[in-house]
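Colleague:
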């Protein structure tokens with residue numbers, strides 16, 4: 001697992017682990033973000049995007 005869940009039980013965010021990320025780029029495992037195995041919502045500047053993993057193991061990000 002490349003990230004660890006934040007200790008706040010109400011938070012749905014993940015914090016990347018430093019030892020897995022030698023550069024200054026955050027790294028997240030998509031399966032950690034998609035906890036129910038179907039989809040995750042990601043918000044950027046008030047816009048909600050949906051992240052899905054296909055049966056073929058590909059990621060799809062839609063608005």
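In full-length UniProt numbering, the protein residues as written are 1 to 63.
We put the CB at the ideal spot given by N, CA and C, even for glycine.
By Cβ distance below 6 Å, which residues in the same chain neighbour residue 72 in space, the five residues on each side in sequence not counted?
Modeller: The shown model of the chain, from 1 to 63, leaves out residue 72, and the question about it has no answer.
Colleague: DSSP beta-bridge partners for residue 52?
Modeller: The residue labelled residue 52 in the question sits at position 52 within the chain shown. BP columns for residue 52 point to 39, 60.
Colleague: Rounded to the nearest angstrom, what separates residue 58 and residue 38 at their Cα positions?
Modeller: Taking the chain shown and counting its residues from 1, one reaches residue 58 at position 58. Taking the chain shown and counting its residues from 1, one reaches residue 38 at position 38. Rounded to the nearest angstrom, the two C-alpha atoms are 12 Å apart.
Colleague: Measuring straight from C-alpha to C-alpha, what distance separates residue 10 and residue 47?
Modeller: Residue 10 sits at position 10 when you count from the first residue of the chain shown. Residue 47 sits at position 47 when you count from the first residue of the chain shown. Note that residue 10 has pLDDT 48, beneath the 50 cutoff, so the model's placement of it is unreliable and the number below is only indicative. Rounded to the nearest angstrom, the two C-alpha atoms are 21 Å apart.
Colleague: Would you mind working out which of 61, 27, 29 sits nearest residue 52, comparing C-alpha positions?
Modeller: Here the question's residue 52 lines up with position 52 in the chain shown. Comparing Cα-Cα distances from residue 52 to each of 61, 27, 29, the minimum goes to 61.
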